[in-house]
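Colleague:
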Amino acid sequence: MGFFSQIVNGLGLGSIYALIALGYSMVYGIVQLINFAHGDIIMVGAYVVYVILVIMNLPIWLAVLGSIIFCGIAGVLIQRIAYQRLLNHDAPRISLLITAIGVSIFLQNLFQLLFGSDAKSMPKMFSFNSLKFGTLEITSSTTLNIVVSILMMAGLQLMVSKMKIGKAMRATSEDAGAAKLMGINPNTTIAFTFGVGSALASVGAILYCNTYPQIKPIMGGLLGLKAFVAAVLGGIGSIPGAMLGGYLLGVSESLTNAYISSSLTDAVVFGILIIVLIVKPTGLLGKNVREKV
Amino acid sequence: MGVMLSVENLDVYYDSIHAIKNISFEVNEGEIVTLIGANGAGKTTTLHAISGLVKPKNGEINFCSNNLCNTVAHKIIRLGLAQVPEGRRIFAKMTVQENLEMGAYIRNDNDKIVDDFERVFERLPRLKERRRQMAGTLSGGEQQMLAIGRALMCNPKMLLLDEPSMGLSPLLVNEIFSIIQDVNKSGVTILLVEQNAKKALEIANRAYVLETGSIAMSGDADELANNKKVQSAYLGG
Chain A
117 MGFFSQIVNG
127 LGLGSIYALI
137 ALGYSMVYGI
147 VQLINFAHGD
157 IIMVGAYVVY
167 VILVIMNLPI
177 WLAVLGSIIF
187 CGIAGVLIQR
197 IAYQRLLNHD
207 APRISLLITA
217 IGVSIFLQNL
227 FQLLFGSDAK
237 SMPKMFSFNS
247 LKFGTLEITS
257 STTLNIVVSI
267 LMMAGLQLMV
277 SKMKIGKAMR
287 ATSEDAGAAK
297 LMGINPNTTI
307 AFTFGVGSAL
317 ASVGAILYCN
327 TYPQIKPIMG
337 GLLGLKAFVA
347 AVLGGIGSIP
357 GAMLGGYLLG
367 VSESLTNAYI
377 SSSLTDAVVF
387 GILIIVLIVK
397 PTGLLGKNVR
407 EKV
Chain B
27 MGVMLSVENL
37 DVYYDSIHAI
47 KNISFEVNEG
57 EIVTLIGANG
67 AGKTTTLHAI
77 SGLVKPKNGE
87 INFCSNNLCN
97 TVAHKIIRLG
107 LAQVPEGRRI
117 FAKMTVQENL
127 EMGAYIRNDN
137 DKIVDDFERV
147 FERLPRLKER
157 RRQMAGTLSG
167 GEQQMLAIGR
177 ALMCNPKMLL
187 LDEPSMGLSP
197 LLVNEIFSII
207 QDVNKSGVTI
217 LLVEQNAKKA
227 LEIANRAYVL
237 ETGSIAMSGD
247 ADELANNKKV
257 QSAYLGG
């Protein structure tokens, strides 16, 4: 395979990281919490697809819709049950972080209990002809990943810049106290952010299953960690940053696989993270906003 | 002209520090009342208690016969009580227009909001020129105007202003204070918290002097401005 097809493959994989990274980034932007349970939402999303599609034998569109809605609601519930009280009582950040790890362990074990710890294989969900440009061939899953991720980011960008709830999210993430004075209920806004982030993670999960058709209860661990790296790389709290970080990560993984060694992929990914953080601690698109006095 | 806001026997603690000690005051409809005092006298804490950002230990705060102590912070603005917080606290990464939209967050009457945009822009024309600019790029004076404009977007009955003169040049302070007077004339009751006692007493009807958490003096603004003790402590002799 040529260099360009490696790049395109990398973008396809990066699209999945990017979609998941958006959730990390949005939640961090609004409550400064690294939501370690976010990775496991991907797993939840994948299992919902599995249940609807394979066990219940219902059509694909229902599986996709069901997974997105289920994850969105799960995200809201997790914020309401696990984090809201801590946030409202100004609990130390470390308590939030430990709670997030707790939610992550809970979800992994719950799904092991429900479905067993062995991997389940998924049927091919979406297949259409691969695109050919001369010698460059783009598989259907890669095309789908890239197109869907771009559409999702555009939609998200539109939501935070045009919709009232999106603007309230930005206001709350910038200054929650001032937002309260405007009559913005922080709990609603934060829960909404968790919901949207989790719904995006579910879209990531669907694309992931379509590309690598195998799921297991611990699949969210490394996938979530890499998406988190993508969010930090791009500048956590920034939507375009999360996308850029995701694509960059995907491409560097794909190139490492092809030209160096597939056993070094993760080393390269985290190596890039370390270098970027040394050179630009706020991430590629992150900004250090100074207050005007 | 009834009492709009009344604070009775208010006590606020920060852990073991007794920040506000049994203070009482009131603001009547249509007035400009100012709360003056030095740094750390408890001015901002008093305002935070009113707007629900800190919980008082004892005492009652009533606004238009609503008990504010039982109202969560984000619902207080719905009663018609808006705040211009200390340090302006505008949303720096949002545009001027978006900041004003956030001020109208609680409203759903979109066509009337458009009229109110125009009203705010008429009163604060500099904001109109900069409506598409990020609020963080505005000068200090413009940011203060934006904070006032943002608070006016909810059509409040009463406005709480916390140190609007902070960090501004004397010329801009005059401009901000004449805007405050103007807002008052349009029917908005004002509670003004200020370190700049001289300017505050100039525009206020009545004043309370706060010293280390208690009210040391109160009365008509003119009388206080001529009071020897006030003059030596707050008006530079």
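Each protein sequence line maps, in turn, to chains A and B.
For the record, in the first sequence the residue sitting at position 283 is 399 according to our numbering, with numbers rising by one throughout.
For the record, in the second sequence the residue sitting at position 205 is 231 according to our numbering, with numbers rising by one throughout.
Positions of the beta carbon are idealized from the N, C-alpha and C atoms, including for glycine.
Identify which residue in 72/B, 220/B, 246/B and 177/B has its Cα closest to the Cα of residue 106/B.
Modeller: Nearest C-alpha to residue 106/B: 177/B.
Colleague: Under 8 Å, do residue 365/A and residue 396/A count as touching if we go by C-beta distance?
Modeller: Taking 8 Å as the Cβ cut-off, residue 365/A and residue 396/A do not qualify as a contacting pair.
Colleague: Give the single residue among 306/A, 375/A and 361/A whose Cα lies nearest to the Cα of residue 127/A.
Modeller: If we check each option's Cα against that of residue 127/A, 361/A comes out closest.
Colleague: For a test of the three-state rule: what should DSSP assign to residue 292/A, helix, strand or coil?
Modeller: Helix.
Colleague: Under 8 Å, Cβ to Cβ, is there at least one residue of chain A near residue 89/B?
Modeller: Cβ-Cβ to chain A under 8 Å: no for residue 89/B.
Colleague: Cβ atoms of residue 227/B and residue 251/B: under 8 Å apart, would you say?
Modeller: Contact flag set, yes.
Colleague: Could you give the DSSP three-state label for residue 88/B: helix, strand or coil?
Modeller: Strand, per DSSP.
Colleague: Which residue or residues does DSSP assign as beta-bridge partners of residue 237/A?
Modeller: According to DSSP, which records beta bridges pairwise, residue 237/A is partnered with 330/A.
Colleague: Find the nearest neighbour of residue 299/A within the set 215/B, 179/B and 197/B, judged by alpha-carbon distance.
Modeller: Answer by Cα proximity: 179/B.
Colleague: Please classify residue 263/A: is it buried, with 16 or more other beta-carbons within 10 angstroms of its beta-carbon, or exposed?
Modeller: Residue 263/A is exposed by the Cβ-count criterion.
Colleague: Sort 120/A, 141/A, 241/A and 321/A by Cα distance to residue 176/A and report the nearest one.
Modeller: Among 120/A, 141/A, 241/A and 321/A, the Cα nearest to that of residue 176/A belongs to 241/A.
Colleague: In whole angstroms, give me the CA-to-CA distance for residue 293/A and residue 109/B.
Modeller: Going from the Cα of residue 293/A to the Cα of residue 109/B covers about 11 Å.
Colleague: According to DSSP, is residue 308/A helix, strand or coil?
Modeller: Helix at residue 308/A.
Colleague: Provide the residue(s) that pair with residue 93/B in DSSP beta bridges, ordered along the chain.
Modeller: Looking at the DSSP assignment, residue 93/B forms a beta bridge with 88/B.
Colleague: What residues of chain A sit near residue 109/B, judged by a beta carbon separation below 8 Å?
Modeller: Under the 8 Å cutoff, chain A gives 297.
Colleague: Should residue 189/A and residue 317/A be called a contact, given that it needs their Cβ atoms to be closer than 8 Å?
Modeller: Cβ atoms of residue 189/A and residue 317/A: not closer than 8 Å.
Colleague: Taking the continuous beta strand (DSSP E) assigned at residue 324/B, which residues delimit it?
Modeller: Nothing about residue 324/B can be read from this structure; chain B reaches only from 27 to 263.
Colleague: Check whether the Cβ of residue 120/B lies closer than 8 Å to any Cβ atom in chain A.
Modeller: Yes - at least one Cβ of chain A is within 8 Å of the one on residue 120/B.
Colleague: Answer yes or no: do residue 244/B and residue 233/B have a C-beta to C-beta separation smaller than 8 Å?
Modeller: Yes.
Colleague: Rounded to whole angstroms, what's the CA-CA distance from residue 28/B to residue 54/B? Just pull it up for me.
Modeller: The straight-line gap from Cα to Cα measures roughly 6 Å.
Colleague: Which residues in chain A have a C-beta closer than 9 Å to the C-beta of residue 132/B? List them in chain order.
Modeller: What residue 132/B touches in chain A: 298, 299 and 300.
Colleague: Under 8 Å between beta-carbons, which chain A residues line up against residue 203/B? List them in chain order, please.
Modeller: Per Cβ cutoff of 8 Å: no residues; residue 203/B is ~20 Å from chain A at best.
Colleague: Given a threshold of 16 other Cβ atoms within 10 Å of its Cβ, counted over all protein chains shown, does residue 98/B qualify as buried or as exposed?
Modeller: Label assigned to residue 98/B: exposed.
Colleague: Under 8 Å, with one C-beta from each stretch per pair, do the stretch 321–329 of chain A and the stretch 213–225 of chain A reach the 3-pair mark?
Modeller: Touching, no.
Colleague: To the nearest angstrom, how far is the alpha carbon of residue 357/A from that of residue 402/A?
Modeller: Rounded to the nearest angstrom, the two C-alpha atoms are 7 Å apart.
Colleague: Around the Cβ of residue 278/A, are there at least 16 other Cβ atoms within 10 angstroms (buried) or fewer (exposed)?
Modeller: Looking at its Cβ environment, which holds fewer than 16 other Cβ atoms inside 10 Å, residue 278/A is exposed.
Colleague: Give the residues of chain A in contact with residue 45/B, contact being defined as C-beta atoms less than 8 Å apart.
Modeller: Residues of chain A passing the Cβ test: none, with the nearest at roughly 18 Å.
Colleague: Which stretch, first to last residue, makes up the alpha helix (DSSP H) that contains residue 256/B?
Modeller: It spans 254–260 - the alpha helix (DSSP H) in which residue 256/B sits, taken as one unbroken run.
Colleague: Counting only the same chain and skipping the five closest in sequence on each side, list residues whose C-beta sits under 6 Å from that of residue 51/B.
Modeller: The answer, listed in chain order, is 33 and 234.
Colleague: Answer yes or no: does any C-beta atom of chain B fall closer than 8 Å to that of residue 410/A?
Modeller: Given a span of 117 to 409 for chain A in the structure shown, any question on residue 410/A remains unanswerable.
Colleague: By how many angstroms is the C-alpha of residue 260/A removed from the C-alpha of residue 120/A?
Modeller: In a straight line, the C-alpha of residue 120/A is about 18 Å away from that of residue 260/A.
Colleague: Here's the rule I'm using: 16 or more other beta-carbon atoms within 10 Å means buried, otherwise exposed. How should residue 140/B be labelled?
Modeller: With fewer than 16 Cβ atoms within 10 Å of its Cβ, residue 140/B is classed as exposed.
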